[in-house]
Every structure is written in C-alpha cells, then in structure tokens.
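**Q** In this text, residue positions in the sequence shown follow our numbering: the first is 249, and each later residue adds one. Heads up, the beta-carbon is just placed ideally off N, CA and C, and yes, glycines get one too.
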Amino acid sequence: MDKNNTTVRDRNTEALKEPLGIYAKTPSTHEFIDPLTGLITRFKIDPKSREYVEEIDPSRFRWERFAYKSVVNQLLPTSRTSKCMRWRVPKQSLQILKSQEHNKAFYTGLQICASVWACPVCAAKISERRRAELVAALAVARSMGMQVYLLTLTVPHGLGDDLKALLEQIHKAYSKTSSGRAGQNIRKLLGLRGTVRALETTYGVNGFHPHLHILLFLDGGFSPASVQNAFAPLWQQACMRAGLPRPSDEHGCRVDDGTYAAAYASKWGLESELTKSHTKKGRNGSRTPWDFLRAVLDKSEGWQQSAILFRTYAEAFKGKRQLYWSNGLRDLLAMGEQASDEELAAVQEDSALMLAELTDEQWRAILRTKSESIVLDMAETHPQALPVLLASLLERAKKFATGTG
C-alpha cells in the first residue's frame, strides 16, 4: 500500500474521532426509543383505520441525508462528493427556493456530484425519479398484457474477495447470459420483451454481497417457477465461464411474481434505505452502505471498520451504472429517452418561489453549524423567520470560530 495514501487515510480516521457537531444528535421529535436496542421509531394514528402506524417524516430523512453526507465529506475528502452541496457554482447566486407544487424548499447555485453510490443527498433525488419511472413502466406493461417478474441473481462470495474484481466478473457473467445461443433461445422461448437491471450490494458475515435485481418484461404464459428453472442453469454456466464459482441451486437464481416486482419498483434505490433509518441493520443482519455511514455518525461499536468498508465500497462502485434498461424497452413502453444521473440530480422545480439569496458569509455559517437541513425546514414552515435564523447562525458560527461556541 502507498505510504502517502496510508498517511492520508490515518489522518482522515483521526479527524472522524472529532465530534460531528449537531449531526451527532437527532433533532427533537416525538419518538419511541427502545431501551434495549436503541432503535428509534415514530408513530401516529391513521385517520382512516384509527390504528397506530409508523410516521414517515420527510424533514427527518432530509436531516439524516445531510448528516450522512457530513460523514462522506470526511471519509472521501478529495472526492467530487465532498464538494457536493457545499461549493458554490462560479458566477451563480446561491438561493433558497420553495416549490409551489410540493411545498419543498431546496438550495440552488451549488455544485452537485450526482453520485448514486456515495452521496446520500444526490441519491435521494435520483432514486426518487428513477423509482417513479419504474412504477410507471410496470403500469404500462400491465396495460399491454405483459407479465413482469423479479429476477434476483447472486454469486458465492467471501471475506477475502476483491470487491472491484467481483463486480467486473458479475457484469461479465450477466453479459454471457444473453450473448450465447442458449441465452437467446431461452429469451425467445419465454417471450422476454426487455429487462431493467439494477446493481446493489449489502455486507454480511461473508463480506460484500453484490447482486443483481432484474425486472423481466414477458409476454406471459409462464409461471415464476418455470422462468426460474430456465434461467438458473444459464446463470450457473455464465458464472463459471466468467471465472466465478458455480452459484448454488438454492440461492443463485430466484424469480418472484408481479407482486414482488411491483413492491421492488415502489421501494427501489439506496435512498429508500433512509426511510428505514430507525433500524440499525439490514435484512438478516446484513448492512447497507448507509449503515456504514450511520455507524460512523453514531460512533457505534466497530465504527472505524465501517469507515474502511465505506471507502472500499465507494471506490469499487465509482462509475458503475446503477440502473440499466435493455435496448428497445423504453421505446416499447413509450417511456422516452432515459435521463442521466447528472440530469436528474440537477432537475429543478419549474414553479419555485425564491425565499432568500445567501451571501458567502451566511453560507459559510450554515456549513460551519451544520444547519443545511434546519434552514430548509424553516423555509418550508416559517419562511418569514429566515432572516432571524440566518442572523443567529452567523453569531453561532463566530463563536465556533473563536472557540466560545
């Protein structure tokens, strides 16, 4: 390992031992805290059923996105993501706008990284728009009489695997499922009209677990079990040809029906993990990349290892496509041209009202006091109080600078 890189990483880890400011504490809310596990859950009464249901608080999730982003800034200090939503766009004013349609406040005039893998803020915007597309695509497919199944493909993996190399092998293996005559014949037999492929990963006792979720758009007539029986040997052969171990009959290939496909589409994307922020672990004890950030933020047991794992994950997934539509499917479903992650991250509400134009000094105060989310909350609920809040943050930032805050 390069000595200089080691020194930088050690220095970054040391920096992470310092408090993360107000991000280290959850904002005051009405919450239930489990005394045994520390899990935080909010409940409200559903007006229709009159039963208690978990409350989804968008402002809390926004706070968490900025909090996790503060961790990324320290873990990846030289990355484009560390500058995202912090550095101003040259020769452009920095403003707080509020969507008149959705009543949501946001900043404009800041640089963005458009990383669906490493940036909790950009991932939220991109995933939401991708998810809406997937839901719409399923609706169109059903109206055309198609069946949509969810295909999940996994490979054997272990703690000693090189994540970057493993991702390349998985991509190579999947390509082989369609390049050969056998794969083409199976697709023709099943009436496969197109696919939408998503790359994901979790982390568990056997290390990183990258896998593929694929929506299969079929003419219909075959059960999920029949499709699975057709794809399983194809996937096994493709993996071995790509230099991977043979996937097991039990776990390598799974096909679920349209109900699972619809549920997956409606909750797609890393960003949806933020809506499960009251939990500390992923399914079956596995963890998501956001769980790494949460561990560092909370300084929970083993947080230093979580910091290393997030860096490994971010480096391996950098530049990878998260969602891929097969050729011709978008035309078939009349979905139009697919926007890039950069275009989706930069989308701005057409009918938005400007609430404030921030000076450099005000923006530095917001960053120093880690108040990005608090300012947007105020803009949505009491915009007339923004000047008072900004003045207060300026005073607080000055105290931080002199060590009296």
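Short check: CB of E381 to CB of M583, under 9 Å?
**A** Indexing the sequence shown from 1 puts residue 381 at position 133. Indexing the sequence shown from 1 puts residue 583 at position 335. Their beta carbons are under 9 Å apart, which means E381 touches M583 by this criterion.
**Q** With a threshold of 7 Å on Cβ separation, who are the neighbours of Q586 within its own chain once the five nearest residues in sequence on each side are excluded?
**A** Stepping through the sequence shown from its first residue, residue 586 is reached at position 338. The residues are W573 and R578.
**Q** When you compare only the Cα positions, how much space is there between G651 and R644?
**A** Position 403 of the sequence shown holds residue 651. Position 396 of the sequence shown holds residue 644. Cα to Cα, the separation comes out at about 10 Å.
**Q** Pull up the DSSP beta-bridge partners for P458, would you.
**A** Along the sequence shown, read from residue 1 onward, the residue named residue 458 stands at position 210. BP columns for P458 point to T449.
**Q** I want to see whether chain C comes within less than 9 Å of L492, judged by CB atoms only; does it?
**A** Annotation note: the requested chain C is absent from the structure, which comprises a single protein chain.
**Q** Is the separation between the beta-carbon of D589 and that of Q610 shorter than 9 Å?
**A** Walking along the sequence shown from the start, residue 589 turns up at place 341. Walking along the sequence shown from the start, residue 610 turns up at place 362. For D589 and Q610, no; Cβs fall outside 9 Å.
**Q** In terms of residues, what are the limits of the alpha helix (DSSP H) holding Q476?
**A** Mapped onto the sequence shown, residue 476 falls at position 228. Start and end: P472 to R489.
**Q** Quick one: measure Cβ to Cβ for M626 and L345, integer angstroms, because I've assumed they're closer than 8 Å.
**A** Residue 626 sits at position 378 when you count from the first residue of the sequence shown. Residue 345 sits at position 97 when you count from the first residue of the sequence shown. Incorrect: roughly 14 Å between the Cβ atoms, too far for contact.
**Q** With a CB to CB cut of under 7 Å and the five nearest residues on each side skipped, what residues in its chain are close to Q340?
**A** The residue labelled residue 340 in the question sits at position 92 within the sequence shown. For Q340, where only same-chain residues beyond five positions count, the Cβ hits under 7 Å are G357.
**Q** Keeping to the same chain, check which residues put their C-beta closer than 6 Å to that of Y508; ignore five residues upstream and five downstream.
**A** For the purposes of this step, residue 508 is identified with residue 260 of the sequence shown, where counting begins at 1. So the qualifying residues of the chain are L398.
**Q** Evaluate the contact criterion for the stretch 426 to 439 versus the stretch 448 to 468: three or more CB pairs, one atom per stretch, below 8 Å.
**A** yes
**Q** Classify N321 as buried or exposed, calling it buried when 16 or more other Cβ atoms lie within 10 Å of its own Cβ.
**A** Taking the sequence shown and counting its residues from 1, the one referred to as residue 321 is at position 73. N321 is buried by the Cβ-count criterion.
**Q** Quick check on E643: does DSSP put it in helix, strand or coil?
**A** Locating residue 643 in the sequence shown gives position 395, counting from the first residue. DSSP places E643 in helix when its eight states are reduced to three.
**Q** Cβ atoms of C332 and T677: under 9 Å apart, would you say?
**A** Since the first and last residues shown for the chain are 249 and 653, residue 677 lies out of range.
**Q** List, from N- to C-terminal side, the alpha helix (DSSP H) runs of 4 residues or more that fit wholly inside the stretch 309 to 386.
**A** 328 to 331
**Q** Taking DSSP as the reference, what is the three-state secondary structure of R494?
**A** In the sequence shown, counting from the first residue as 1, residue 494 sits at position 246. Coil at R494, not helix or strand.
**Q** Note the first and the last residue of the continuous beta strand (DSSP E) segment covering A600.
**A** Taking the sequence shown and counting its residues from 1, the one referred to as residue 600 is at position 352. It spans A600 to L606 - the beta strand (DSSP E) in which A600 sits, taken as one unbroken run.
**Q** By how many angstroms is the C-alpha of L580 removed from the C-alpha of V388?
**A** Numbered from its first residue, the sequence shown carries residue 388 at position 140. Numbered from its first residue, the sequence shown carries residue 580 at position 332. Using only the alpha carbons, I get a separation of about 10 Å.
**Q** Go ahead and pull the three-state DSSP assignment for W538.
**A** To locate residue 538, count along the sequence shown from 1; it is residue 290. W538 falls in the helix class under three-state DSSP.
**Q** Drop a sphere of 10 angstroms on the beta-carbon of P495, count the other beta-carbons inside from all chains shown, and report buried for 16 or more, exposed for fewer.
**A** Translated into the one-based positions of the sequence shown, residue 495 becomes position 247. P495 is buried by the Cβ-count criterion.
**Q** By how many angstroms is the C-alpha of A511 removed from the C-alpha of T523?
**A** One-based indexing of the sequence shown puts residue 523 at position 275. One-based indexing of the sequence shown puts residue 511 at position 263. For T523, the predicted model reports a pLDDT of 45, less than 50, meaning its position is unreliable and no value from the coordinates is stated.
**Q** What are the boundary residues of the alpha helix (DSSP H) that includes R559?
**A** Stepping through the sequence shown from its first residue, residue 559 is reached at position 311. R559 -> alpha helix (DSSP H) spans W551 to F565.
**Q** Quick one, are the C-beta atoms of S514 and G452 less than 9 Å apart?
**A** Looking up residue 514 in the sequence shown gives position 266. Looking up residue 452 in the sequence shown gives position 204. No. Outside cutoff.
**Q** For E312 and P537, what's the separation of their Cα atoms in angstroms?
**A** To locate residue 312, count along the sequence shown from 1; it is residue 64. To locate residue 537, count along the sequence shown from 1; it is residue 289. For E312 and P537, the distance between alpha carbons rounds to 14 Å.
**Q** Check each candidate in R336, A371 and T443 and name the one with the smallest Cα separation from E591.
**A** Here residue 591 is taken as the residue at index 343 of the sequence shown, counted from 1. It is A371 whose Cα lies nearest to the Cα of E591.
**Q** One question on the structure: do L492 and I418 come within less than 9 Å of each other, judged by their Cβ atoms?
**A** Against the sequence shown, residue 492 aligns to sequence position 244. Against the sequence shown, residue 418 aligns to sequence position 170. Contact flag set, yes.
**Q** Assign Q395 to one of two classes, buried (16 or more other C-beta atoms within 10 Å of its C-beta) or exposed (fewer than that).
**A** What you label residue 395 is simply residue 147 of the sequence shown in a count that begins at 1. Burial state of Q395 is buried, judged by a 10 Å Cβ sphere holding 16 or more other Cβ atoms.
**Q** Express the C-alpha separation of F540 and V337 in angstroms, rounding to a whole number.
**A** As a first step, residue 337 is located in the sequence shown; it is residue number 89 there, counting from the start. As a first step, residue 540 is located in the sequence shown; it is residue number 292 there, counting from the start. Taking the straight line joining both Cα atoms gives about 30 Å.
**Q** Distance check for A480 and A385, CA to CA, integer angstroms please.
**A** Counted from its first residue, the sequence shown places residue 385 at position 137. Counted from its first residue, the sequence shown places residue 480 at position 232. Cα-Cα distance, rounded: 26 Å.
**Q** From Q432 to W365, what distance separates their C-alpha atoms?
**A** Here the question's residue 432 lines up with position 184 in the sequence shown. Here the question's residue 365 lines up with position 117 in the sequence shown. If you take the alpha carbons of Q432 and W365, they lie about 32 Å apart.
**Q** Do you know offhand how far G442's Cα is from V636's?
**A** Start at 1 with the first residue of the sequence shown, and residue 442 comes out as number 194. Start at 1 with the first residue of the sequence shown, and residue 636 comes out as number 388. C-alpha separation (whole angstroms): 55 Å.
**Q** Between A446, H457, M392 and S423, which has its C-alpha nearest K655's C-alpha?
**A** No answer is possible for residue 655: the residues shown for the chain start at 249 and end at 653.
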